[in-house]
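First comes the structure, then the notes that go with it.
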Amino acid sequence: MIMTNRPITTDDAGIPAPSDEHSLSVGPNGPLLMQDHHLIQKMAHFNRERVPERVVHAKGGGAHGLLQITEDVSQFTKAKLFRKGAQTPLFLRFSTVAGELGSPDTARDPRGFAIKFYTEDGNYDLVGNNTPIFFIRDPSKFSDFIHSQKRRADNHLRCNNMQWDFWTLSPESAHQVSFLMTDRGIPASWRHMHGFGSHTFLWYNAAGERFWIKYHFKTDQGIRNYTADEAAALLADPDHHVRDLHTAIAKGDHPSWTVNVQIMPFEAAADYRFNPFDLTKVWPHADYPELTIGRLTLTKNPVNYFAEVEQAGFEPSNLVPGIGASPDKMLQGRLFSYPDAHRYRIGPNYLQLPINQPRSTVNSYNFDGPMTFANPSDPVYAPNSAGGPTADPSLYEGERYHVTGEIVRSAYRRHAEDDDFVQPRALWENVLSEGDRANMVRNIVGHASAPEVTSTMKLRVADYWTNIHKDLGARVRKGLGLN
């Protein structure tokens, strides 16, 4: 009996379904019929209801919000979303880096901090982390790094020995691994951690003047972290961070972040004491202090996790007028890899999905392809004499800058104080409290004491930390029981 106050079930074409429970068969006990389109559609869709999970940043959550700019930065950028008083809707996705979709939120791992701003000039995507630095500085090593953090090919188990093998052979990782092994390696929640654009970006103003900038999102809730023991006690709840964010927003406790930038004059980059485009380095605040420009607030939970969080596609190549890329090699690699990952994982028309669709008008000559539903009308080519859209190169005047050099495969040319250990040494000496240092040593020793970590690898681990600071190395060596 159909209840009159309930809608009728349909198939995906909107056709009323013949039954919610029974397949079409030859008699009650006979074989099923291939003509049962409703059954076949349900099974076929079920087989396809998961897109491949992200290779990295698979486990995460997110929310909608708003960017509000409170200060005038027009002398640095003509980007409209950074005009004083501008309010730009956004979607922010948090994540872990190495874990699979069902992995625990409280793993020791960097957190993704990816923002899609729906601006009047199209989408602007800022794809960062909760750290201002990263493990490597050249994208050629990225897939190798991720493989070392994932699962072994033989037994499909995670392997701390494999991680230390990569880290100790990659001294540029020392700054990020130092950060990871402090208590900030396990945030208490996404609401209680900072976010960073991490890379260096180019800003240019209406007069064409150029500046290098870094983004900082400082949590207004205050920093809170878990110790290794506290995080271990939460492993029974693998969705701790997902639940925390959803619950806070649902009850009206809207998390926010103060938006700061560091600004470097364009010409200062050439002889700055550190390479300003090296993703393993920060710009010391004594050189370039943070300037507050606004606030980011999360105000609304997703209505559907899959449609909004899983199908969200962020791409650093989405740069609106007033913002450009820097020579950061990692950023340069991500300009291609991120949109290419979405074309594979979600499909070539992923930008037509509501969560990715720009709020501004799209006038593209791209058309057709799987799952398209917003095809342009003729003409579908340029140049044309049929009144089709035309580009305006003047919008991007200012993003150009002169580069020269022989085509080579090379590391960055070192600046005066470029050293892989000087900044993590400053973290140990000047930033961490004695309690922080003790917890950091405990975290390192615990990670490097996993049964698969060999005695030879433990020696390399001790040497790795000794390069950062002799006291740190000695304490790790003692904790690992090494002479």
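So for the sequence shown, the UniProt record's numbering puts the first residue at 1; every next one is plus one.
We treat Cβ as the ideally placed atom computed from N, Cα and C, and that holds for glycine.
No experiment lies behind these values; they were computed from the predicted model shown.
Residue i versus residue j - alpha carbon distance
i	j	result
residue 223	residue 78	32 Å
residue 64	residue 305	12 Å
residue 135	residue 359	35 Å
residue 479	residue 453	14 Å
residue 71	residue 263	14 Å
residue 178	residue 433	14 Å
residue 320	residue 122	7 Å
residue 15	residue 24	16 Å
residue 150	residue 201	30 Å
residue 353	residue 346	10 Å
residue 349	residue 315	14 Å
residue 474	residue 157	30 Å
residue 2	residue 9	With a pLDDT of 48 at residue 2, under the threshold of 50, the modelled position of that residue is not reliable, and no figure is offered here.
residue 171	residue 426	16 Å
residue 411	residue 275	12 Å
residue 448	residue 174	15 Å
residue 160	residue 112	21 Å
residue 299	residue 68	13 Å
residue 494	residue 462	What the structure shows of the chain is the stretch from 1 to 483, and residue 494 is not part of that stretch, so it cannot be assessed.
Exposure of residue i, with buried meaning 16 or more beta-carbon neighbours within 10 Å
i	result
residue 50	exposed
residue 114	buried
residue 373	exposed
residue 184	buried
residue 513	Outside the shown range of the chain (1 to 483) lies residue 513, about which nothing can therefore be said.
residue 441	buried
residue 336	exposed
residue 407	exposed
residue 84	exposed
residue 82	buried
residue 101	exposed
residue 289	exposed
residue 99	buried
residue 189	buried
residue 204	buried
residue 311	buried
residue 342	buried
residue 251	exposed
Nearest-angstrom beta carbon gap, residue j and residue i [assumed within contact, 8 Å]
i	j	result
residue 133	residue 176	5 Å
residue 118	residue 89	5 Å
residue 402	residue 428	Not quite, the Cβ-Cβ distance comes to about 39 Å (not below 8 Å), so this is no contact.
residue 127	residue 338	7 Å
residue 182	residue 439	7 Å
residue 367	residue 375	5 Å
residue 215	residue 197	3 Å
residue 297	residue 240	Going by Cβ atoms, the distance from residue 297 to residue 240 rounds to 22 Å, so no, they are not a contact pair.
residue 484	residue 194	Nothing about residue 484 can be read from this structure; the chain reaches only from 1 to 483.
residue 96	residue 86	Rounded, the Cβ-Cβ distance is 32 Å, inconsistent with contact.
residue 277	residue 211	Going by Cβ atoms, the distance from residue 277 to residue 211 rounds to 14 Å, so no, they are not a contact pair.
DSSP-derived helix/strand/coil call for residue i
i	result
residue 45	helix
residue 296	strand
residue 2	Summary for residue 2: the model assigns pLDDT 48, below 50, so the residue's position carries little reliability; its value from the coordinates is reported in the next sentence. Residue 2 falls in the coil class under three-state DSSP.
residue 257	strand
residue 149	helix
residue 387	coil
residue 393	helix
residue 162	helix
residue 273	coil
residue 377	coil
residue 423	helix
residue 265	strand
residue 125	strand
residue 117	strand
residue 25	strand
residue 32	strand
residue 13	coil
residue 111	strand
residue 479	helix
residue 252	coil
residue 470	helix
residue 60	strand
residue 278	coil
residue 400	coil
residue 136	coil
residue 247	helix
residue 444	helix
Legend entry - Uninterrupted alpha helix (DSSP H) stretches inside the region 164–238 (no shorter than 4 residues): 174–181 and 228–232
Inset, instruction - Enumerate, from N- to C-terminal direction, the unbroken beta strand (DSSP E) stretches of 3 or more residues contained entirely within the region 62–107. - result: 87–96
Legend entry - Segments of 4+ residues assigned as alpha helix (DSSP H) that fall wholly inside the region 283–356: 329–345
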